[in-house]
Amino acid sequence: EPEVSPEGHKQFNWKKAWYPVHVTDIMDPVRPHKTQLLGNNIVIWNDGKTVDGQKQIGKWHVFEDACPHRQAPLSEGRVEEDGSLLCSYHAWRYNGAGDCTDLPYSPEHLQEKHKCSCRAKCKVYPTREEDGLLFVWPDASPEGHEESKLKEPPLIEELHDPELSKKWIKFPVNLRDLELGWDVFFENAMDPSHFLVAHHNVTGNRYTDPKWFDMQTFRKLDTESGVAVKGIPGCFDFRPPCLVKNQQDGGVIFAIYNTPTMPGKCRHIGFLVLDTDSLAGESGVVDKDAVQLFTGPVPVWLQHVLTSFFLHQDAVLLHHQEQNFRDKGFQASPDSEKMFREVSYTPNEVDKGSIQFRRWLRTRAGGGIPWSCDPTLPPRLATNQKIFDVWNSHTKHCKHCKEAYENIEKLKNVSYGSAFAVALAAPEGPEKIVAGVAAMAVGLALQKLSDLFVVYEFNHQDNN
């Protein structure tokens, strides 16, 4: 039976829901990938075989990140050519169903007995692939596998409606690990007013745009369907536990996914969806050149790199906001000393989305996430370096960006080498100076581009 709050509301069950944990297009299928979900360490891997030196794309699987043998992390293992996952500690192997297929230290006459033991089986979570996202159901029990078949993950319905899907363009999906909690992220995503200030020079002007506007409840608060608010900027629709669908006036949808990984940390996955009807000219005919502009060959890595310009405008604010909440006695937890309204002064309609999200969390979801690890919020970061770390939060997880980074590094070294060669070999004169300066300038420009894959620092004081 579902739990019921003191107010009489059915409570959201955090373990009976789908969460996006990765983007299938950006994962390297020859390696296992480590992440967390609700405080559980999990490993993602692909069971495709290697044929003639080429890795075939098979099925993505999600296991508990622990080998049944001695609990070594399977994320440190290897995906072998036969499509099995090998533990790097003692070479035990597993197939996609979690069955042990090889125990090299078992005597031959006991191999089958040892492999067939239930204690040799990995903990396997239900998975689904939708819209380029890998969703996980965080209950690996037999009952969990059956229950996962009865519930759909939160999706952008325009991409799945046969009548609508032909006219919507889906942009590449991005992923970023953030140094802030799941709840402060969604409190922010449900707040349209911050776009005009925090994202100054990107989506607004902090000096001229902020002014009163009305926000109305578009869909009333509900345990399973969340809550939606609507105002001048569009509709902000929170769909538990991991999606805010931000539908802007004019045919633009921001799919804002967010998965709780660990206390004080979350994994943001997002993409843009565009209605091609919004590109129609005065005659009502869709402008093919305009469509080509939006769907043209812009490399995925460039779109990913540019995301830092937007995300890092929020990241520092939200990390320290969460820490300030904690210092004042409020946390997204059933044991919180104070409530959100006691540590926040929100007298205006523009805060309605954030307030309604916090109300859903308090009255319909137990006040916070039931972590499978120590629920203590990590301490405040002494510097912002980790917040601005692009390499560990994105690049190392993305095959497109890793490849682009390596290629840019090679070009940079060639440019510096050319400048050095010109300095040594070219005859004295203006041509030598021009050639050397040009090669050095290209190298420096490539260095700046390369740095964006590693770190991107931002501060509001310099964003004039």
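Residue 379 in full-length UniProt numbering is what sits at position 379 of the sequence shown, and the numbering runs on without skipping anything. Glycine included, each C-beta is placed from N, C-alpha and C at the ideal position. None of the values given here were measured: they were computed from a predicted structure.
Pairwise C-alpha distance: residue j and residue i
{"i": "serine 372", "j": "aspartate 335", "result": "16 Å"}
{"i": "lysine 149", "j": "tryptophan 18", "result": "11 Å"}
{"i": "aspartate 462", "j": "valine 202", "result": "14 Å"}
{"i": "tryptophan 212", "j": "glutamate 349", "result": "8 Å"}
{"i": "proline 370", "j": "leucine 452", "result": "36 Å"}
{"i": "valine 298", "j": "threonine 208", "result": "32 Å"}
{"i": "glycine 270", "j": "phenylalanine 236", "result": "15 Å"}
{"i": "glutamate 147", "j": "asparagine 13", "result": "12 Å"}
{"i": "valine 227", "j": "isoleucine 156", "result": "16 Å"}
{"i": "phenylalanine 238", "j": "proline 32", "result": "31 Å"}
{"i": "asparagine 413", "j": "aspartate 131", "result": "38 Å"}
{"i": "threonine 363", "j": "asparagine 174", "result": "32 Å"}
{"i": "cysteine 242", "j": "aspartate 351", "result": "20 Å"}
{"i": "leucine 113", "j": "glutamine 321", "result": "In the sequence as presented, leucine is not what sits at residue 113; that position holds lysine. Near 55 Å, if we compare the C-alpha coordinates of glutamine 321 and lysine 113."}
{"i": "lysine 402", "j": "leucine 446", "result": "15 Å"}
{"i": "asparagine 40", "j": "leucine 377", "result": "16 Å"}
{"i": "lysine 121", "j": "threonine 395", "result": "32 Å"}
{"i": "arginine 219", "j": "serine 165", "result": "24 Å"}
{"i": "glycine 400", "j": "glutamate 406", "result": "Note on residue identity: the sequence assigns histidine, not glycine, to residue 400. The alpha-carbon atoms of histidine 400 and glutamate 406 are separated by roughly 10 Å."}
{"i": "histidine 460", "j": "arginine 206", "result": "11 Å"}
{"i": "arginine 358", "j": "serine 225", "result": "15 Å"}
{"i": "glycine 8", "j": "threonine 261", "result": "29 Å"}
{"i": "histidine 194", "j": "phenylalanine 254", "result": "16 Å"}
{"i": "asparagine 143", "j": "proline 154", "result": "It should be pointed out that residue 143 corresponds to glutamate in this sequence rather than to asparagine. One C-alpha to the other measures close to 21 Å."}
Beta-carbon proximity list for residue i, same chain, < 6 Å, skipping 5 on both sides
{"i": "proline 375", "result": "Pro263"}
{"i": "arginine 93", "result": "Ser84, Leu86, Thr101 and Asp102"}
{"i": "glycine 250", "result": "Ser278"}
{"i": "cysteine 398", "result": "Ile26"}
{"i": "lysine 338", "result": "Gly329 and Phe330"}
{"i": "asparagine 384", "result": "Val316"}
{"i": "alanine 404", "result": "Trp301"}
{"i": "leucine 196", "result": "Gly204, Asp209 and Pro210"}
Three-state secondary structure (DSSP) of residue i
{"i": "alanine 198", "result": "coil"}
{"i": "lysine 121", "result": "coil"}
{"i": "threonine 35", "result": "strand"}
{"i": "asparagine 392", "result": "helix"}
{"i": "leucine 446", "result": "helix"}
{"i": "tryptophan 14", "result": "coil"}
{"i": "threonine 127", "result": "strand"}
{"i": "alanine 332", "result": "coil"}
{"i": "proline 260", "result": "strand"}
{"i": "isoleucine 355", "result": "helix"}
{"i": "tyrosine 94", "result": "strand"}
{"i": "valine 298", "result": "coil"}
{"i": "arginine 206", "result": "coil"}
{"i": "asparagine 413", "result": "helix"}
{"i": "threonine 217", "result": "strand"}
{"i": "threonine 50", "result": "strand"}
{"i": "isoleucine 269", "result": "strand"}
{"i": "proline 20", "result": "strand"}
{"i": "valine 350", "result": "helix"}
{"i": "residue 465", "result": "This structure gives no information on residue 465, because the portion of the chain shown stretches from 1 to 464."}
Distance CB(residue i)-CB(residue j) smaller than 8 Å
{"i": "histidine 319", "j": "isoleucine 256", "result": "no"}
{"i": "methionine 215", "j": "glycine 234", "result": "no"}
{"i": "alanine 332", "j": "leucine 311", "result": "no"}
{"i": "glutamate 158", "j": "valine 273", "result": "yes"}
{"i": "glutamine 313", "j": "phenylalanine 185", "result": "no"}
{"i": "aspartate 47", "j": "glycine 96", "result": "yes"}
{"i": "valine 305", "j": "proline 172", "result": "no"}
{"i": "lysine 15", "j": "aspartate 139", "result": "yes"}
{"i": "valine 79", "j": "valine 23", "result": "no"}
{"i": "glutamine 356", "j": "leucine 221", "result": "yes"}
{"i": "serine 415", "j": "arginine 176", "result": "no"}
{"i": "arginine 380", "j": "glutamine 303", "result": "no"}
{"i": "proline 107", "j": "alanine 91", "result": "no"}
{"i": "valine 229", "j": "glycine 366", "result": "no"}
{"i": "threonine 346", "j": "lysine 10", "result": "no"}
{"i": "glutamate 76", "j": "threonine 50", "result": "no"}
{"i": "alanine 162", "j": "arginine 119", "result": "Inspection of the sequence shows that residue 162 is occupied by proline rather than by alanine. The answer is no: Cβ separation not under 8 Å."}
{"i": "lysine 265", "j": "leucine 178", "result": "yes"}
Contacting residues, own chain, Cβ-Cβ under 7 Å from residue i (five flanking each side not counted)
{"i": "alanine 72", "result": "Cys87 and Tyr89"}
{"i": "histidine 409", "result": "What sits at residue 409 in the sequence shown is glutamate, not histidine. Hits under 7 Å: Ser450."}
{"i": "phenylalanine 325", "result": "Gln331 and Val343"}
{"i": "lysine 167", "result": "Asp275, Thr276 and Asp277"}
{"i": "serine 308", "result": "Val390, Leu452 and Tyr456"}
{"i": "histidine 199", "result": "Phe310 and Gln313"}
Same chain, Cβ closer than 8 Å to residue i, five either side skipped, listed in chain order
{"i": "valine 21", "result": "Thr35, Leu37, Ile42, Ile44, Val62, Leu134, Phe135, Val136, Thr259 and Arg267"}
Contact test: residue i Cβ vs the ligand ATP heavy atom, cutoff 7 Å
{"i": "alanine 91", "result": "As presented, the structure is devoid of all ligands, the ligand ATP included, so that no description of it is given."}
CB contact below 8 Å: residue i versus chain B
{"i": "asparagine 324", "result": "As a matter of chain content, chain B is missing from the structure shown, which is built from one protein chain."}
Inter-stretch contact at 8 Å, needing at least 3 Cβ pairs: the stretch 52–62 / the stretch 119–127
yes
Counting Cβ pairs closer than 8 Å, one from the stretch 241–256 and one from the stretch 182–193, do we hit at least three?
yes
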